[in-house]
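Visitor: My questions all concern the structure below.
Here it is in structure tokens:
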């Protein structure tokens, strides 16, 4: 039990579908992150939110759309994805987006795009 | 560019000591972290070094040399449960002045009985 939950844990979707991933943290943190983890590749940081404001977008395609309504919740809206987007999507949180903070990860959503 | 390099796989026996190296190249540097990830699980934080030297936490220690852009994770008295992937991660800075997290590709540690 990490204090960061993600739903769904598994998702299969077609390229024309629209779906959303949800992340919730119960740690009182102010920063939240989305990462993509593909086989044989490093964890890729996608988005960073600090105090509900997006502070980083690592050149992520617009078919991925994040939303952070408050410091405890983070969504990743998906539409018209490609098969190469199949991966494990990890959410993380930290006290704030500054030096030396520890990131706490959720269990991830394993996404398969057909 | 910004990158981290670590070995892809390391094998050791129970009770042994293993060292996982990480070399990095980043613009701006704010510290080196290590994370452990078991198959099917989430990465969990192990250690963080902002200054040169060795940090010890139980059986795990982490070392940093900023002048060499190098660090390592040392695992002692290996146990079967230590079989996992270990990632080094560096916090650098972007051109806009925000922080950027970069992870290595991970080192898969296999502990044999």
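Residue numbers (this note's numbering), protein chains in the order written: chain A, 1 to 114; chain B, 1001 to 1113. Where a beta carbon is used, it is the ideal one built from N, C-alpha and C, also for glycine.
#1: Any idea if residue 1017 of chain B is buried or exposed, counting beta-carbon neighbours within 10 angstroms, 16 or more meaning buried?
#2: Where do the N-terminal and C-terminal ends of the beta strand (DSSP E) with residue 30 of chain A fall, by residue?
#3: In chain A, what lies closer than 7 Å to residue 1114 of chain B by C-beta?
#4: Looking at chain B, is there any beta carbon in it that lies within less than 8 Å of the beta carbon of residue 102 of chain A?
#5: Can you pull the chain B neighbours of residue 45 of chain A, defined as C-beta to C-beta under 9 Å?
#6: Taking the Cβ atom as the reference point for each residue, do residue 1069 of chain B and residue 1036 of chain B lie within a distance shorter than 8 Å?
#7: Cβ of residue 1107 of chain B less than 8 Å from any chain A Cβ?
#8: Give me the subset of the segment 1040 to 1061 of chain B whose CB atoms are less than 8 Å from a CB atom of chain A, sorted by chain position.
#9: Please classify residue 4 of chain A as buried or exposed, where buried requires at least 16 neighbouring CB atoms within 10 angstroms.
#10: In chain order, what residues of the same chain have a beta carbon less than 6 Å from the beta carbon of residue 1059 of chain B, not counting five sequence neighbours either side?
#11: Using 8 Å as the Cβ pair cut-off and three pairs as the minimum, do the segment 98 to 114 of chain A and the segment 3 to 18 of chain A touch?
#12: For residue 42 of chain A, which three-state DSSP category applies?
#13: My output table needs one value for residue 15 of chain A: the three-state DSSP class, helix, strand or coil.
#14: Residue 31 of chain A and residue 93 of chain A - do their beta-carbons sit closer together than 8 Å?
#15: So, does the segment 1104 to 1113 of chain B touch the segment 1004 to 1013 of chain B, judging by three or more C-beta pairs under 8 Å?
#16: In whole angstroms, what separates the C-alpha of residue 1072 of chain B from that of residue 1104 of chain B?
#17: Just the C-alpha distance for residue 9 of chain A and residue 110 of chain A, rounded to the nearest angstrom, thanks.
#18: Listed from N- to C-terminal order along the chain, which residues in the segment 1067 to 1095 of chain B have their beta-carbon within a distance smaller than 9 Å of any beta-carbon of chain A?
#19: With 8 Å as the limit, tell me which residues of the segment 79 to 91 of chain A have their beta carbon closer than that to any beta carbon of chain B; keep them in chain order.
#20: Can you name the residues of chain B whose CB is closer than 7 Å to the CB of residue 108 of chain A?
#21: Using 8 Å for Cβ pairs, my map puts residue 116 of chain A next to residue 113 of chain A. What's the rounded Cβ distance?
#22: Using CA atoms only, rank isn't needed, just tell me which of A/54, A/80, A/58 and A/77 is closest to residue 71 of chain A.
#23: Name the DSSP beta bridge partners of residue 64 of chain A, please?
#24: Residue 86 of chain A to residue 13 of chain A, Cα distance in whole Å?
Guide: Per the coordinate set shown:
#1: Counting from one through the second chain, the residue named residue 1017 of chain B turns up at place 17. Residue 1017 of chain B is exposed by the Cβ-count criterion.
#2: Position 30 of the first chain, counted from the first residue, corresponds to residue 30 of chain A. Premise fails: residue 30 of chain A is in no beta strand (DSSP E) and is neither H nor E.
#3: This structure gives no information on residue 1114 of chain B, because the portion of chain B shown stretches from 1001 to 1113.
#4: Numbered from its first residue, the first chain carries residue 102 of chain A at position 102. Yes, residue 102 of chain A counts as interfacial toward chain B.
#5: Locating residue 45 of chain A in the first chain gives position 45, where the first residue counts as 1. Those are 1100, 1101, 1102 and 1103, listed as they occur along chain B.
#6: Translated into the one-based positions of the second chain, residue 1069 of chain B becomes position 69. Translated into the one-based positions of the second chain, residue 1036 of chain B becomes position 36. Not a contact, by the Cβ cut-off of 8 Å.
#7: On the second chain, residue 1107 of chain B is found 107 positions in, with the first residue counted as 1. No, no contact with chain A.
#8: 1041, 1042, 1043, 1044, 1045, 1048 and 1050
#9: Translated into the one-based positions of the first chain, residue 4 of chain A becomes position 4. When all chains shown are included, residue 4 of chain A counts as buried.
#10: Counting from one through the second chain, the residue named residue 1059 of chain B turns up at place 59. Correct list, in chain order: 1076 and 1077.
#11: yes
#12: To locate residue 42 of chain A, count along the first chain from 1; it is residue 42. Three-state result, residue 42 of chain A: coil.
#13: Taking the first chain and counting its residues from 1, the one referred to as residue 15 of chain A is at position 15. Three-state result, residue 15 of chain A: coil.
#14: Stepping through the first chain from its first residue, residue 93 of chain A is reached at position 93. Stepping through the first chain from its first residue, residue 31 of chain A is reached at position 31. Going by C-beta atoms, residue 93 of chain A is nearer than 8 Å to residue 31 of chain A.
#15: yes
#16: In the second chain, residue 1072 of chain B corresponds to position 72, counting from 1. In the second chain, residue 1104 of chain B corresponds to position 104, counting from 1. About 12 Å.
#17: Mapped onto the first chain, residue 9 of chain A falls at position 9. Mapped onto the first chain, residue 110 of chain A falls at position 110. Spanning the two alpha carbons is a distance of roughly 6 Å.
#18: 1087, 1089, 1091 and 1094
#19: 90
#20: Reading the first chain from its first residue, position 108 is the one you call residue 108 of chain A. Going along chain B in sequence order, the residues near residue 108 of chain A (Cβ under 7 Å) are 1042.
#21: The structure shown has nothing for residue 116 of chain A, since chain A only spans 1 to 114.
#22: Residue numbering aside, residue 71 of chain A sits at position 71 when the first chain is read from its first letter. When only C-alpha atoms are compared, the closest one is A/54.
#23: For this step, residue 64 of chain A is matched to residue 64 along the first chain. A/78.
#24: Stepping through the first chain from its first residue, residue 86 of chain A is reached at position 86. Stepping through the first chain from its first residue, residue 13 of chain A is reached at position 13. Each residue's alpha carbon lies about 10 Å from the other.
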